[in-house]
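Engineer: The opening residue of the sequence shown carries number 608 in my numbering; numbering runs sequentially from there.
From the three backbone atoms N, C-alpha and C, an ideal C-beta is built for every residue, glycine too.
First, the structure itself, so that you have it in front of you.
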Amino acid sequence: MQTTKDKAFDFVQSYHVSKGEYKTVIKNLKTRFADDKMLIELYVRELLKLILNQSHNMSFTDLVDQLDTYLRCLENLGVTKEKYACMLYPLVEASIPEQILIAWERERNSISRNSTANTHDLDLLIQFLPSEVVSAERLRIAKAFCAGEKDKNKTSKQKTDPSRDLSSVTPVPLHRVLLPKQKAKGESRIFFAYFVRKNSPQ
Numbered sequence: 608m609q610t611t612k613d614k615a616f617d618f619v620q621s622y623h624v625s626k627g628e629y630k631t632v633i634k635n636l637k638t639r640f641a642d643d644k645m646l647i648e649l650y651v652r653e654l655l656k657l658i659l660n661q662s663h664n665m666s667f668t669d670l671v672d673q674l675d676t677y678l679r680c681l682e683n684l685g686v687t688k689e690k691y692a693c694m695l696y697p698l699v700e701a702s703i704p705e706q707i708l709i710a711w712e713r714e715r716n717s718i719s720r721n722s723t724a725n726t727h728d729l730d731l732l733i734q735f736l737p738s739e740v741v742s743a744e745r746l747r748i749a750k751a752f753c754a755g756e757k758d759k760n761k762t763s764k765q766k767t768d769p770s771r772d773l774s775s776v777t778p779v780p781l782h783r784v785l786l787p788k789q790k791a792k793g794e795s796r797i798f799f800a801y802f803v804r805k806n807s808p809q
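Written as C-alpha cells, this is what we have:
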C-alpha cells in the first residue's frame with residue numbers, strides 16, 4: 608500500500624493510523640474503490656480497448672494473457688462465462704488478429720462436426736488460444752534459427768568467394784588508362800607532350 612501512488616493511497620493516508628481504524632479503513636476503501644459494478648465496467652472497457660488497439664504492435668502472447676486476466680477478473684465479480692458468454696464472446700473474438708481468427712473458424716467448424724457436446728463457443732475459444740500461442744512461439748524460434756543460419760552462410764561465402772578477394776588485383780598505372788597503348792616508350796612520351804601542348808591555353 609505504501610508504494611501505491613494513487614487516489615486509494617491518499618484515501619488511506621487520510622485516516623489516523625491505529626488498530627481500531629483498520630476495519631473502518633478497509634470497509635470504506637472497498638466501498639470507494641472496490642464497487643463490483645464499477646469494476647465490471649472497468650474490465651469490460653479494457654476488453655473494448657484491446658479491440659480498438661488491435662492494430663498496435665502488441666504480441667499475440669501478451670494479448671492472450673490480457674484476455675485471460677480480464678475474463679478471470681470478471682468471473683470473480685460474478686460475470687461468469689456460463690451466464691454472460693453471449694456478451695463476452697463477441698468482445699474476445701473481435702480482439703483476435705485476423706490470421707488467428709481464420710484458424711479459429713476452421714477449428715470451430717471441425718469441432719461442430721465431430722462433437723455433440725453443448726459447449727459454448729467462448730469456452731472453446733479460450734481453450735484454443737493457448738495452443739495458438741505455443742504454435743506462434745515455435746514458429747518464432749524456427750524463423751530466428753533459419754535467419755541466423757542464413758546470415759552465417761552469407762558471411763562464410765563472402766570470406767571464401769575469390770571474386771571478392773582484392774589482394775591479388777594488380778593496380779593499373781593511370782597513364783595506361785588515359786593514353787592509348789604505344790609500341791615504344793618514346794612514342795608514349797611524344798604523344799603525351801603533344802596532347803598537353805594542344806590542350807594548353809594559348
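Measuring CB to CB, does Leu695 end up less than 9 Å from Leu684?
Structural biologist: For this step, residue 695 is matched to residue 88 along the sequence shown. For this step, residue 684 is matched to residue 77 along the sequence shown. Their beta carbons are not under 9 Å apart, which means Leu695 does not touch Leu684 by this criterion.
Engineer: May I ask you to verify whether the stretch 667–677 touches the stretch 735–742, counting CB pairs closer than 8 Å and requiring at least 3?
Structural biologist: The answer is yes - the stretch 735–742 touches the stretch 667–677, with three or more Cβ pairs under 8 Å.
Engineer: Using beta carbons (cut-off 9 Å, strictly below), is Leu729 in contact with chain C?
Structural biologist: Protein chain content of the structure displayed is limited to a single chain, and chain C is not contained in it.
Engineer: Go ahead and pull the three-state DSSP assignment for Ser717.
Structural biologist: By 1-based counting over the sequence shown, the position of residue 717 is 110. DSSP places Ser717 in helix when its eight states are reduced to three.
Engineer: Could you pull out every residue in the same chain whose Cβ sits closer than 6 Å to the Cβ of Phe667, ignoring the five residues on either side in sequence?
Structural biologist: By 1-based counting over the sequence shown, the position of residue 667 is 60. Around Phe667: Ala743.
Engineer: Grab the span of the alpha helix (DSSP H) containing Thr726 for me, first residue to last.
Structural biologist: Mapped onto the sequence shown, residue 726 falls at position 119. Careful: Thr726 lies outside any alpha helix (DSSP H) and carries neither H nor E.
Engineer: Relative to the alpha-carbon of Val740, which residue among Ile707, Asp642, Asn721 and Phe618 has its alpha-carbon at the smallest distance?
Structural biologist: To locate residue 740, count along the sequence shown from 1; it is residue 133. Among Ile707, Asp642, Asn721 and Phe618, the Cα nearest to that of Val740 belongs to Ile707.
Engineer: Is it true that the CB of Asp730 sits closer than 9 Å to the CB of Ala692?
Structural biologist: Sequence index remark: in the sequence shown, residue 692 carries index 85 (1-based). Sequence index remark: in the sequence shown, residue 730 carries index 123 (1-based). Cβ distance < 9 Å, so Ala692 and Asp730 count as in contact.
Engineer: Could you check if Tyr650 is buried or exposed, using at least 16 other CB atoms within 10 Å of its CB as the buried criterion?
Structural biologist: Residue 650 sits at position 43 when you count from the first residue of the sequence shown. Label assigned to Tyr650: buried.
Engineer: Is the beta carbon of Leu657 less than 9 Å from the beta carbon of Leu670?
Structural biologist: By 1-based counting over the sequence shown, the position of residue 657 is 50. By 1-based counting over the sequence shown, the position of residue 670 is 63. Yes. Within cutoff.
Engineer: Consult DSSP for Pro697 and reduce its assignment to one of helix, strand or coil.
Structural biologist: On the sequence shown, position 90 is the one that residue 697 refers to. Pro697 falls in the helix class under three-state DSSP.
Engineer: Looking at the structure shown, is Asp613 part of a helix, part of a strand, or coil, going by DSSP?
Structural biologist: Residue 613 sits at position 6 when you count from the first residue of the sequence shown. Coil.
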